[in-house]
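Its first residue numbered 1035, the sequence shown is counted upward by one per residue in the numbering used here. Everything on this sheet refers to the single structure shown next.
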Amino acid sequence: MIVTRKTLCRMSVWILTVLAGAAAGAAPQALGHPAPTNLDFEGELGAADLPSGWVRWGKPGSGYSLAAVTRVAHGGQRSVWIAGPDDPGDAFGGLGQAFPAEPYRGKRVRFSGYLRTSRVTGGGAGLCLRINGPEKRVLAFDNMRDRRVLGTTEWTRHEIVLDVPEQATAGALGALLAGSGSVWVDDLELEVVDAGTATTESVARGHAAVNLDFEDGTGSGDLPRHWDDQHVAPPTGGDGYQVRVDTRRKHGGEASGRIEWKASGKPSPQQFGTLTQMMLPDAYRGKRLRLSGHVRANRVANGYAGLWMRVDGPRGGAHLAFDNMKDRGLTGTRRWRSCEIVLDVAQEATAIAFGALLTGTGRMWVDDLKLEVVDDSVPTTEQALAGEEFPIDPEILDDYVGTFRVAVQGAGVLFEFRRKGDKLLVVQQGAPEFRIYPESETTFFYKVVDAKFTFVRNNQGEVDRVTLHQFGQEFPGRRVD
Ligand SMILES: [Ca+2]
Ligand SMILES: [Ca+2]
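Below, the structure written as structure tokens:
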């Protein structure tokens, strides 16, 4: 199978989490307030003793306390106090509110406020501002991830400056704590500023592309902080691979990221382990992006070690560009080697995923990654996994549209083929849509996985069957719709 249900569930949860940013754990509901309200916390207390107009952010039960307090305030009588648990893991706590975007469209806004902290450790305390567009797309985002407040500090003013695009539908603002300790929040303000005020948008890019040198310690489950081992690209994989920070082998600094096959026996050809980050593409739209870094391999067999990068498009996962170094990964035992991937980031990109991967057995390390815009003189490394594209008459795609049931290892798996202009797209049982590319008039290949379909006509010339080619096998399918 191309994608298992388990992978898909994890994938969609992960993508939603990442795209919506830290503030999305519990998205604030529209509160019916015309604009941000009660920003000095002097108003009446609302439900659960929260300041009126505000809702709690973060997962319930993650150990964060949140209260309006009167003993400490920057202005007036009251502030809000957020306290983190001793062992916060990757959870965060905070408070926020939604506001309509209309009054701010086409303008630059500054969200500022005062924070006071006591013994904050972990990810830190910060303000957060998010601008949403249609279909819950995040148009602009900054949660101060690169400049959070740590330790014990007196009342200090902090700010976020973002542009609100014309297509913005709503905004959300708030304050959060990711870690242990306490933060007090007071005297927040949202105001329109002129173009002379620089945006802090550059840090929204840092929202995901962080800890590229693996020096930032561990996050959950001994993973390098801010890295994930989820498998956001099909096919399924991961089980049997361990992903860790390694302080013994490193290219620079004191640590690297390591992926190792830990299970007994050999992984199947479709398994792999990854280090993954996702980021918003805004800073890179319309540009050519290079991911470079250093990779080291130890006894890698029946597979390879390398970097990977993918540019996602709208509609839940259609891939615009992809390269996983399948054609040039490291095998055997190799000292640190410089690797790179170059992809174009289309205007319609919605996310960029990147990292390192290991297939087969053995162990790999990755360190000192770098993302940078390059000019058109640098060729892209995008790969077509199964050959070159074949020019076809797009009208022929109509013959392939429909749903087919393919027999895979005793199970009937439904694949729906759709035409969009001159493109053929395939969806497997509610999974995200992937484009498949013609290598002949009847055979179409995935770029994201080494698999392809061949359509078969009956005596009347109607396409009533399809064959899935994967793992060196053929799986027959019949049209059901
Ligand atoms: Ca106050
Ligand atoms: Ca390092």
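Idealized CB from N, CA, C, for every residue including glycine.
- For Met1313, the uninterrupted beta strand (DSSP E) run begins and ends at Phe1306 to Met1313, by DSSP.
- For Ala1107, the shortest C-beta to heavy atom distance toward ligand 1 is below 7 Å.
- Assigned with DSSP and collapsed to three states, Glu1508 falls in strand.
- Assigned with DSSP and collapsed to three states, Tyr1098 falls in coil, not helix or strand.
- Contact annotation: the segment 1217-1232 does not touch the segment 1295-1303, with fewer than three C-beta pairs closer than 8 Å.
- Counting the other Cβ atoms within 10 Å of the Cβ of Arg1191 gives fewer than 16, which makes it exposed.
- Closest by C-alpha distance to Met1312, out of Arg1344, Ala1339 and Gln1305, is Arg1344.
- In the three-state reduction of the DSSP assignment, Ala1297 falls in the coil class, being assigned neither a helical nor a strand state.
- Closest by C-alpha distance to Leu1211, out of Gly1185, Glu1200 and Val1195, is Gly1185.
- Close CB contacts of Lys1321 within its chain, under the 7 Å cut and outside five residues either way in sequence, are with Val1379 and Val1407 (chain order).
- By the neighbour-count criterion, in which a residue is buried when 16 or more other Cβ atoms sit within 10 angstroms of its Cβ, Ser1411 is exposed.
- Taking every residue with its beta carbon within less than 7 Å of a heavy atom belonging to ligand 2 gives, in chain order, Asp1247, Phe1248, Glu1249, Lys1284, His1285, Gly1286, Gly1287, Glu1288, Ala1289, Ser1290, Asp1401 and Asp1402.
- Annotated three-state conformation of Glu1429 is helix, per DSSP.
- Judged by their CB atoms, Phe1449 and Val1442 are not nearer to each other than the 8 Å cut-off.
- A Cβ-Cβ contact shorter than 8 Å links Arg1142 with Thr1231.
- Thr1187 and Gly1156 have their alpha carbons spaced roughly 15 Å apart.
- The Cβ-Cβ distance between Leu1325 and Ile1375 falls below 8 Å.
- Secondary structure note for Glu1223: its beta strand (DSSP E) is the uninterrupted segment Ala1204 to Val1227.
- Cβ-Cβ distances below 6 Å link Lys1404 to Ser1326 in the same chain, with the five nearest sequence neighbours on each side left out; the list follows chain order.
- For Ser1326, the enclosing beta strand (DSSP E) stretches over residues Lys1321 to Asp1346.
- Annotation for Met1398: the continuous beta strand (DSSP E) segment containing it runs Thr1395 to Val1408.
- Separation of Ala1102 and Asp1262 (C-alpha to C-alpha, rounded to the nearest whole angstrom) is 35 Å.
- Listed in chain order, the non-local C-beta contacts of Asp1515 below 7 Å within the same chain comprise Gly1436 and Thr1437, local neighbours out to five positions each way being set aside.
- At the C-beta level, Phe1133 and Gly1092 stay beyond 8 Å of one another.
- Cβ-Cβ separation between Arg1330 and Arg1278: approximately 14 Å, too far for a contact (criterion under 8 Å).
- Rounded to the nearest whole angstrom, the CA to CA distance from Thr1234 to Leu1207 is 15 Å.
- Secondary structure at Glu1136: helix, using DSSP grouped into helix, strand and coil.
- Under the three-state reduction of DSSP, Pro1119 is assigned to coil, being neither helix nor strand.
- Excluding sequence positions up to five before and after Ile1426, its CB lies within less than 6 Å of the CB of Pro1472 and Glu1475, all in the same chain and listed in chain order.
- Taking all protein chains shown into account, Val1226 has fewer than 16 neighbouring C-beta atoms within 10 Å of its C-beta and is therefore exposed.
- Remark: the shortest separation between the CB of Gly1110 and any heavy atom of ligand 1 falls under 7 Å.
- Around Ser1096, the same chain offers Ala1125 as residues with beta carbons nearer than 6 Å, after the five sequence neighbours per side are excluded.
- For Ser1146, the Cβ stays outside the 7 Å cut-off from all heavy atoms of ligand 1.
- Just so you know, the alpha carbons of Gln1201 and Arg1283 end up roughly 48 Å apart.
- In the DSSP assignment, Pro1472 forms a beta bridge with Phe1478.
- In this structure Trp1342 is in contact with Asp1357, their Cβ atoms being roughly 7 Å apart against a cut-off of 8 Å.
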